[in-house]
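Below is one structure, written out as structure tokens, with a few remarks after it.
Have a look at this one:
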């Protein structure tokens, strides 16, 4: 073919070639991960030699920033993708073509982003878990264990609730800035029992789009490309300390959400920091009593009636805040997306995995007495 038509075809072929190769390479990378994910030695090597070193180096670079590097990257990338798409639509409307190649390029970019998530986060679902390293989670727990653990946590909540600062109205009296400022050394205490959780200190970052996170029912996340923790600071502050500890556990390689909840609670109650200690006990109590209510409402009532008024107020304010988002379309959509994300890494409990730390708490504290 010669002439203008031949030149146009040549340009079209060239315009498609790079995105197609990019897409094919990304699909191969994802397929390689899917095929190798059940190979423990391979996943351990990738986690220890690529994922963790990369995230620790990247998090060190963005740690001095007063804002979330994750939000900045996502904002720039999103605006760049939108600009690229609008340019492709504009060229197509003017008869220049190329919209299909533009969409192909954006699809290839999405595949490579997912491949990066697999390498920098997904591998940790297939390495030795916290439970295995700690020698826990060998079997189920009894209802008696669950009740004893709930009672023990209730008494600890009652003991620590008067020790935290409170507002004139009796509310939990710490701002997110004060909580963040007190995060250094948060894991020092828990390392005595779980030394494999050692890792470099990083700052938690406040989310600029915290209200959007609330609408999506999220309190925090670890950005795998930077190893940085970003926290929702619009929600009630009482559970922000334990959320910080939860996200810090992800920075230390704890992938499974239910185990990260347990580790976050353990870090808080061993921290020696009043706001964190109380937040950890209250969070543990909340998980245990939710499970106890489903198992035996009568036993739950016996535990709940002994809870101090300060803690009841803190939980009532927290419940009222989240109630306004329970039936939002954004929240339901985002929860569904994240549940499918967990399923894709063989996390069969889906979002219910957030409550599965109950077994670990009952196993450890179900024989305790106050």
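In the numbering used here, the protein residues as written are 498 to 867. Glycine included, each C-beta is placed from N, C-alpha and C at the ideal position.
Using the C-alpha atoms, what's the distance from residue 857 back to residue 542? For the purposes of this step, residue 542 is taken as the residue at position 45 of the chain shown. For the purposes of this step, residue 857 is taken as the residue at position 360 of the chain shown. Between residue 542 and residue 857, the C-alpha separation is close to 28 Å.
Using CA atoms only, rank isn't needed, just tell me which of 704, 738, 761 and 650 is closest to residue 783. In the chain shown, residue 783 corresponds to position 286, counting from 1. Per the Cα distances, 650.
Residues in the same chain with beta-carbon distance under 6 Å from residue 842, minus the five sequence neighbours each way, listed in chain order, please. Translated into positions along the chain shown, residue 842 becomes position 345. Note that residue 842 has pLDDT 48, beneath the 50 cutoff, so the model's placement of it is unreliable and the number below is only indicative. Within the same chain, residue 842 has close Cβ partners 619 and 622.
The beta strand (DSSP E) with residue 627 in it runs from where to where? Here residue 627 refers to the residue found at position 130 of the chain shown. No beta strand (DSSP E) contains residue 627, which is instead part of the alpha helix (DSSP H) from 627-631.
Using the rule of at least 16 other Cβ atoms within 10 Å of the residue's Cβ for burial, across every protein chain shown, is residue 641 buried or exposed? Within the chain shown, numbered from 1, the residue matching residue 641 stands at position 144. With fewer than 16 other Cβ atoms within 10 Å, it is exposed.
Can you tell me whether residue 468 is buried or exposed, with buried defined as 16 or more other CB within 10 angstroms of its CB? Absent from the structure is residue 468, since the part of the chain shown begins at 498 and ends at 867.
What first and last residue would you give for the alpha helix (DSSP H) that runs through residue 600? Position 103 of the chain shown holds residue 600. 596-617 is the span of the alpha helix (DSSP H), which, as asked, contains residue 600.
Check whether the stretch 701-710 and the stretch 721-732 touch, using three or more Cβ-Cβ pairs below 8 Å as the test. yes
Please report the distance separating the alpha-carbon of residue 720 from that of residue 680. What you label residue 720 is simply residue 223 of the chain shown in a count that begins at 1. What you label residue 680 is simply residue 183 of the chain shown in a count that begins at 1. Going from the Cα of residue 720 to the Cα of residue 680 covers about 19 Å.
Can you give me the C-alpha to C-alpha distance between residue 816 and residue 670, rounded to a whole angstrom? Counting from 1 along the chain shown, the entry for residue 816 is found at position 319. Counting from 1 along the chain shown, the entry for residue 670 is found at position 173. Roughly 17 Å separates the two Cα atoms.
Keeping to the same chain, check which residues put their C-beta closer than 7 Å to that of residue 559; ignore five residues upstream and five downstream. Stepping through the chain shown from its first residue, residue 559 is reached at position 62. If we look at residue 559 and ignore the five residues flanking it on each side, its Cβ neighbours are 566, 723 and 725.
Strictly by DSSP, which residues pair up with residue 651? Within the chain shown, the letter at position 154 stands for residue 651. Beta-bridge pairing links residue 651 to no other residue.
Buried or exposed by the 16-neighbour rule on C-beta atoms within 10 Å, applied to residue 768: Position 271 of the chain shown, counted from the first residue, corresponds to residue 768. The residue in question, residue 768, is buried, as its Cβ has 16 or more Cβ neighbours within 10 Å.
Helix or strand or just coil, what does DSSP make of residue 671? Numbered from its first residue, the chain shown carries residue 671 at position 174. Coil.
Looking only at its chain, what residues have a beta carbon closer than 8 Å to the beta carbon of residue 585, apart from the 5 residues adjacent to it on each side? In the chain shown, the residue the question calls residue 585 occupies position 88. The answer, listed in chain order, is 595, 596, 598, 599 and 600.
To the nearest angstrom, how far is it from the Cα of residue 792 to the Cα of residue 647? One-based indexing of the chain shown puts residue 792 at position 295. One-based indexing of the chain shown puts residue 647 at position 150. Taking the straight line from one Cα to the other gives about 13 Å.
Cβ-Cβ separation, residue 634 to residue 625 (assumed contact under 8 Å), whole Å: Position 128 of the chain shown holds residue 625. Position 137 of the chain shown holds residue 634. Contact doesn't hold; Cβ gap of about 12 Å is too wide.
Could you compute how far the alpha carbon of residue 807 sits from the alpha carbon of residue 615? Position 310 of the chain shown, counted from the start, is the residue given in the question as residue 807. Position 118 of the chain shown, counted from the start, is the residue given in the question as residue 615. Near 43 Å, if we compare the C-alpha coordinates of residue 615 and residue 807.
Could you give the first and the last residue of the continuous alpha helix (DSSP H) run that contains residue 778? Reading the chain shown from its first residue, position 281 is the one you call residue 778. Where residue 778 is concerned, the enclosing alpha helix (DSSP H) stretches over 771-792.
Should residue 525 go down as buried or exposed, given a rule of 16 or more other Cβ atoms within 10 Å for buried? Here the question's residue 525 lines up with position 28 in the chain shown. Classification of residue 525: exposed, given that the 10 Å Cβ count is below 16.
Where do the N-terminal and C-terminal ends of the alpha helix (DSSP H) with residue 568 fall, by residue? Here the question's residue 568 lines up with position 71 in the chain shown. Element bounds for residue 568: 566-590.
For residue 684, which residues from the same chain have a beta carbon less than 7 Å from its beta carbon, with the 5 sequence-adjacent residues on both sides left out? Along the chain shown, read from residue 1 onward, the residue named residue 684 stands at position 187. 694, 745 and 764, listed in sequence order.
Assuming residue 725 is part of the alpha helix (DSSP H), what are its boundary residues? Within the chain shown, the letter at position 228 stands for residue 725. Unbroken run through residue 725 is the beta strand (DSSP E), 725-728; no alpha helix (DSSP H).
Could you tell me how far apart the beta carbons of residue 523 and residue 578 are, in whole angstroms, since I believe they sit closer than 8 Å? By 1-based counting over the chain shown, the position of residue 523 is 26. By 1-based counting over the chain shown, the position of residue 578 is 81. Residue 523 to residue 578, Cβ: 15 Å. No contact.
Own chain partners of residue 862 with C-beta closer than 6 Å, once the 5 adjacent residues on each side are dropped: Against the chain shown, residue 862 aligns to sequence position 365. If we look at residue 862 and ignore the five residues flanking it on each side, its Cβ neighbours are 646 and 649.
Do residue 855 and residue 788 have their C-beta atoms within less than 8 Å of each other? If you number the chain shown from 1, residue 855 lands on position 358. If you number the chain shown from 1, residue 788 lands on position 291. Contact flag set, yes.
Using only the alpha-carbon positions, how far apart do residue 592 and residue 823 sit? For the purposes of this step, residue 592 is taken as residue 95 along the chain shown, with counting starting at 1. For the purposes of this step, residue 823 is taken as residue 326 along the chain shown, with counting starting at 1. Approximately 47 Å between the Cα atoms of the pair.
Under 8 Å Cβ to Cβ from residue 663, same chain only, skipping five residues before and after it: list those, please. Within the chain shown, the letter at position 166 stands for residue 663. The residues are 669, 670 and 807.
Helix, strand or coil for residue 822 per DSSP? Within the chain shown, the letter at position 325 stands for residue 822. Here residue 822 sits in coil by DSSP.
For residue 562, the three-state DSSP class (helix, strand or coil): One-based indexing of the chain shown puts residue 562 at position 65. Here residue 562 sits in coil by DSSP.
Between residue 544 and residue 750, which are expected to be in contact by the criterion C-beta below 8 Å, what is the C-beta distance as a whole number of angstroms? Residue mapping note: residue 544 aligns to position 47 of the chain shown, counting from 1. Residue mapping note: residue 750 aligns to position 253 of the chain shown, counting from 1. Indeed, because the Cβ distance is near 7 Å, the residues count as touching under 8 Å.
Find the nearest neighbour of residue 444 within the set 752, 819, 757 and 748, judged by alpha-carbon distance. This structure cannot settle anything about residue 444, because the visible part of the chain is limited to 498 through 867.
So for residue 862, helix, strand or coil by DSSP? Reading the chain shown from its first residue, position 365 is the one you call residue 862. Of the three classes helix, strand and coil, the one that applies to residue 862 here is helix, per DSSP.
List the DSSP bridge partners of residue 719. Taking the chain shown and counting its residues from 1, one reaches residue 719 at position 222. According to DSSP, which records beta bridges pairwise, residue 719 is partnered with 726.
Around the C-beta of residue 587, are 16 or more other C-beta atoms found within 10 angstroms, so that it is buried, or is it exposed? As a position in the chain shown, residue 587 is number 90, starting the count at 1. Classification for residue 587: exposed.
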